[in-house]
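Notes follow the structure.
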Amino acid sequence: MLAHLINGISLGSIYAIIALGYTMVYGIAKMLNFAHGDVIMVGGYVSFCFMSYMNVPAPIAVLLAMAICTVLGITIERLAYKPLRSATSLAVLITAIGMSYFLQNSALIIWGANPKAYPNIFKDIEAFEMVGGARVSPVAVVAITANLVIMIILTLFTSRTKMGKAMRAVSEDKGAATLMGINVNFTISMTFAIGSGLAAIAGVLLCTAYPTLMPTTGSMPGIKAFTAAVFGGIGSIPGAMIGGILLGVIEILARAYISSELADAIVFGVLIVVLIFRPTGLLGKQIHEKV
Amino acid sequence: MSTVLKVENLHVYYGSIHAIKGVSFEVGEGEIVTLIGANGAGKSTTLNTVGGLLKPREGSVEFEGKSILGVAPHKVVNQGMALCPEGRRVFAQLSVRENLEMGAYTRPVSEIAETLEIVYEHFPRLKERQTQMAGTLSGGEQQMLAMGRALMSKPRLMMLDEPSMGLAPILVDQIFEIIKALNKKGTTILLVEQNAQMALSIADRAYVLETGRIVNSGTGKDLLNDDSVKKAYLGG
Numbered sequence: 046m047l048a049h050l051i052n053g054i055s056l057g058s059i060y061a062i063i064a065l066g067y068t069m070v071y072g073i074a075k076m077l078n079f080a081h082g083d084v085i086m087v088g089g090y091v092s093f094c095f096m097s098y099m100n101v102p103a104p105i106a107v108l109l110a111m112a113i114c115t116v117l118g119i120t121i122e123r124l125a126y127k128p129l130r131s132a133t134s135l136a137v138l139i140t141a142i143g144m145s146y147f148l149q150n151s152a153l154i155i156w157g158a159n160p161k162a163y164p165n166i167f168k169d170i171e172a173f174e175m176v177g178g179a180r181v182s183p184v185a186v187v188a189i190t191a192n193l194v195i196m197i198i199l200t201l202f203t204s205r206t207k208m209g210k211a212m213r214a215v216s217e218d219k220g221a222a223t224l225m226g227i228n229v230n231f232t233i234s235m236t237f238a239i240g241s242g243l244a245a246i247a248g249v250l251l252c253t254a255y256p257t258l259m260p261t262t263g264s265m266p267g268i269k270a271f272t273a274a275v276f277g278g279i280g281s282i283p284g285a286m287i288g289g290i291l292l293g294v295i296e297i298l299a300r301a302y303i304s305s306e307l308a309d310a311i312v313f314g315v316l317i318v319v320l321i322f323r324p325t326g327l328l329g330k331q332i333h334e335k336v
Numbered sequence: 042m043s044t045v046l047k048v049e050n051l052h053v054y055y056g057s058i059h060a061i062k063g064v065s066f067e068v069g070e071g072e073i074v075t076l077i078g079a080n081g082a083g084k085s086t087t088l089n090t091v092g093g094l095l096k097p098r099e100g101s102v103e104f105e106g107k108s109i110l111g112v113a114p115h116k117v118v119n120q121g122m123a124l125c126p127e128g129r130r131v132f133a134q135l136s137v138r139e140n141l142e143m144g145a146y147t148r149p150v151s152e153i154a155e156t157l158e159i160v161y162e163h164f165p166r167l168k169e170r171q172t173q174m175a176g177t178l179s180g181g182e183q184q185m186l187a188m189g190r191a192l193m194s195k196p197r198l199m200m201l202d203e204p205s206m207g208l209a210p211i212l213v214d215q216i217f218e219i220i221k222a223l224n225k226k227g228t229t230i231l232l233v234e235q236n237a238q239m240a241l242s243i244a245d246r247a248y249v250l251e252t253g254r255i256v257n258s259g260t261g262k263d264l265l266n267d268d269s270v271k272k273a274y275l276g277g
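Going down the list, the protein sequences come from chains A and B.
Count the first sequence with this note's numbering and you get residues 46 to 336, in order.
Count the second sequence with this note's numbering and you get residues 42 to 277, in order.
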């Protein structure tokens with residue numbers, strides 16, 4: 046039981062890191078970036094290439110993957126989404142779905158359809174023995190720690206720094222933010238940069254935990270992380286973390302105790318129930334403004 | 042008296058709708074100038090164009106002798122003018138203090154504390170509530186916050202869009218007292234109001250807008266006694 050719980054929290058932490066990307070972009074640009082899951086896949090492939098083909102040490106490969114995904118995220122936003130800033134949200138949504146397929150098929154051309162075996166970056170580290178005999182894999186420890194560190198840094202960033210406060214201002218009212226002298230386009234670019242950098246980290250963790258890398262590797266975790274973001278209350282940073290972890294735990298427990306075929310159905314079923322009772326998600330904002 | 046703001050032959054469109062049809066006016070240094078007119082006359086459109094949020098199709102806007110039409114919208118505040126927008130538009134989920142900090146976004150952090158004190162002097166209520174979320178403030182307090190936030194950029198020209206909207210009469214008086222006090226301390230004011238009575242009583246000069254055109258202008262006093270203005274805007 047304990048082992049399942051820890052596995053669940055670990056998988057949930059990866060979902061949470063992905064969900065943060067969804068939630069920040071939604072919060073600030075007010076769009077669902079469905080290509081976000083595929084940036085994870087790119088992060089996976091890029092780090093894979095550095096480690097397997099060029100023998101780059103894992104930590105440096107991760108940093109390089111983050112840098113490349115950051116640039117990719119900014120580029121996607123600049124080329125595909127920015128021209129649609131004043132278009133209907135439906136047009137942006139469809140563009141995002143198109144971008145998702147574009148990335149998947151580009152990966153198919155570059156890396157082929159055969160799955161790649163992702164190297165175990167923690168192969169020299171033994172699994173930890175817990176009280177009660179449960180074993181915890183190093184990737185679980187790293188995923189949980191990384192998630193906590195990222196959460197704390199992002200919370201401090203948005204509440205303490207000038208740039209972070211400006212992001213919150215832009216998320217509320219782009220026109221008023223412009224009047225303050227905030228460069229809205231630059232702020233949105235920064236959001237994509239942060240989200241995509243995090244996606245690279247998530248990609249490495251995901252591929253280490255589930256070491257089969259394919260062009261579609263990012264799409265299912267992407268959709269689940271999106272679900273986690275909605276579950277926790279889209280736009281909310283702590284919501285993304287809570288939603289991600291709950292989703293991971295529910296998924297692993299359902300897989301272990303109910304049925305591995307039904308696990309995904311149960312995950313999405315829980316989402317539906319939660320949304321019936323709390324349409325804005327667990328920590329979603331229901332603001333009643335005074336007039 | 043030198044001219045701070047000079048707007049000439051301004052034409053603004055929303056899509057194919059011709060909202061502003063050749064508006065020209067001037068604001069001199071140290072003046073309070075008001076644009077009055079009914080709903081939909083184009084007052085806010087004019088102000089938003091001057092503030093850089095809308096681009097005109099024709100005409101010129103000069104601030105202190107320099108055209109601001111080529112300036113990126115987020116850099117207009119750098120030129121020395123601030124717009125306090127219609128409906129206040131405070132950042133509801135930022136604290137009062139954070140809202141004020143956003144107002145000083147383009148200024149060095151080291152100068153913020155001093156300006157903050159000046160703003161708190163004008164609006165002691167904001168100091169009491171500095172850690173509160175702006176969305177929880179009353180309408181009057183939000184208006185004060187919106188004005189304080191605009192002041193944080195230390196503007197030489199402050200543009201106010203309907204500061205009295207939705208406020209109780211006693212608060213309207215207070216807000217207008219503050220506008221007068223700001224003006225006395227040297228800030229030039231361009232005021233857009235539906236409350237023509239109030240606006241004209243504090244304005245040095247005024248322009249009357251009707252369906253995108255200026256139809257009348259004069260000193261505040263003259264227009265208060267003008268028959269057509271009385272009839273249309275002052276309830277007889």
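Even glycine gets a Cβ: it sits at the ideal position worked out from N, Cα and C.
Suppose the cutoff is 7 Å on Cβ atoms and the five residues either side in sequence are ignored; what does the same chain contact list for residue i look like?
i        : result
A/GLU334 : A caution first: A/GLU334 carries a pLDDT of 45, below 50, which makes its placement in the model unreliable, though a value can still be read off. Hits under 7 Å: none found.
A/VAL336 : Confidence is the limiting factor: at A/VAL336 the pLDDT is only 42, short of 50, which leaves the residue's position unreliable, though a coordinate-based value still follows. Counting only Cβ-Cβ distances below 7 Å, and skipping sequence neighbours, we find nothing.
B/GLN238 : LEU275
B/GLY207 : GLY180
B/GLU49  : SER65, GLY100 and SER101
A/GLY209 : PHE202 and THR203
A/VAL315 : ILE295
A/HIS49  : ILE297, LEU298 and ALA301
B/GLU155 : none
A/MET144 : ALA80, ILE121 and ALA125
B/VAL117 : GLY92, GLY93 and ILE109
A/ALA185 : ILE51, ASN52 and SER55
What residue from the options has the CA that sits closest to residue i's CA?
i        : options                                   : result
A/ILE321 : A/ALA238, A/MET144 and A/PHE276           : A/PHE276
B/ALA244 : B/TYR161, B/LYS116, B/SER108 and B/GLU218 : B/GLU218
A/ALA179 : A/LEU327, A/LEU47, A/PRO324 and A/LEU316  : A/LEU47
B/ASN80  : B/ARG170, B/LEU264, B/ASN236 and B/MET185 : B/ASN236
A/ILE51  : A/PRO324, A/VAL318, A/ILE290 and A/GLU306 : A/ILE290
B/THR147 : B/GLY121, B/SER258 and B/ARG170           : B/GLY121
B/VAL77  : B/THR90, B/SER85 and B/ILE58              : Correcting the residue identity first, residue 77 of chain B is Ile in this sequence and not Val. Minimum Cα distance to B/ILE77 is reached at B/SER85.
A/ALA74  : A/ALA152, A/ALA172, A/ARG213 and A/GLY53  : A/ARG213
B/GLY261 : B/ASP268, B/VAL270 and B/SER242           : B/SER242
A/ALA308 : A/VAL84, A/LYS269, A/ILE197 and A/CYS114  : A/LYS269
B/GLU70  : B/GLU105, B/GLY92, B/PRO97 and B/LEU88    : B/GLU105
A/ALA61  : A/MET286, A/ARG323, A/SER305 and A/LEU327 : A/MET286
A/PRO102 : A/PHE167, A/LYS127 and A/TYR146           : A/PHE167
A/ILE119 : A/VAL84, A/SER131, A/LEU108 and A/THR133  : A/VAL84
A/TYR163 : A/GLY284, A/PRO266, A/CYS94 and A/SER281  : A/CYS94
B/ILE216 : B/VAL112, B/PRO114, B/ASN224 and B/PRO204 : B/PRO204
A/ILE63  : A/MET96, A/GLN149, A/ASN165 and A/MET196  : A/MET196
A/ALA191 : A/VAL107, A/TYR146 and A/GLN149           : A/VAL107
How about residue i and residue j: are their beta carbons less than 8 Å apart?
i        : j        : result
A/ALA274 : A/GLY288 : yes
A/SER241 : A/LEU117 : yes
A/SER55  : A/ALA188 : yes
B/GLY63  : B/ARG254 : yes
A/ALA80  : A/ILE121 : yes
B/ILE61  : B/VAL53  : yes
B/PHE132 : B/ASN140 : yes
A/GLY82  : A/GLY220 : no
B/ILE281 : B/MET199 : With chain B covering only 42 through 277, there is no way to say anything about residue 281 of chain B.
A/CYS252 : A/GLY53  : no
A/ALA141 : A/LEU77  : yes
B/THR252 : B/ALA113 : no
B/LEU46  : B/GLU67  : yes
Counting only beta-carbon separations shorter than 8 Å, does residue i have a partner in chain D?
i        : result
A/ILE227 : The chain labelled as chain D is not found among the protein chains of the depicted structure, namely A and B.
Only counting the same chain, and skipping five residues up and downstream in sequence, which positions put a Cβ closer than 6 Å to that of residue i?
i        : result
A/LEU250 : ILE59 and ALA188
B/LEU201 : CYS125 and LEU232
Apart from the five residues just before and just after residue i, which ones in its own chain have a Cβ nearer than 8 Å to its Cβ?
i        : result
A/THR223 : VAL229
B/LEU186 : ARG129, VAL131, VAL137, ASN140, LEU141, PHE164, LEU167, ALA175 and LEU178
A/VAL319 : PHE276, GLY326 and LEU327
B/LYS221 : ILE73 and ILE243
B/SER269 : ASN257
A/ALA172 : ARG180, VAL181, SER182 and PRO183
**Message:** Threshold first: 4 residues or longer. Then list the alpha helix (DSSP H) segments lying entirely within the region 235-276 of chain A, N to C.
**Reply:** none
**Item:** Cβ contact (3+ pairs, closer than 8 Å) linking the region 231-239 of chain A and the region 165-179 of chain B
**Value:** no
**Message:** Pairs of beta-carbons, one from the region 249-266 of chain A and one from the region 64-75 of chain A, closer than 8 Å: are there three or more?
**Reply:** no
**Request:** Please go through the region 163-245 of chain B and give each complete beta strand (DSSP E) segment of 3 or more residues, from N-terminal end onward.
**Result:** 198-202 and 229-234
**Request:** Could you tell me which uninterrupted beta strand (DSSP E) segments, each at least 3 residues in length, are contained entirely in the region 95-159 of chain A, listed from first to last along the chain?
**Result:** none
**Prompt:** Which ranges does the alpha helix (DSSP H) cover as unbroken runs of at least 4 residues, wholly within the region 241-275 of chain B, from first to last along the chain?
**Reply:** 261-265 and 268-274
**Asked** In chain order, which beta strand (DSSP E) runs of at least 3 residues are fully inside the region 162-201 of chain A?
**Response** none
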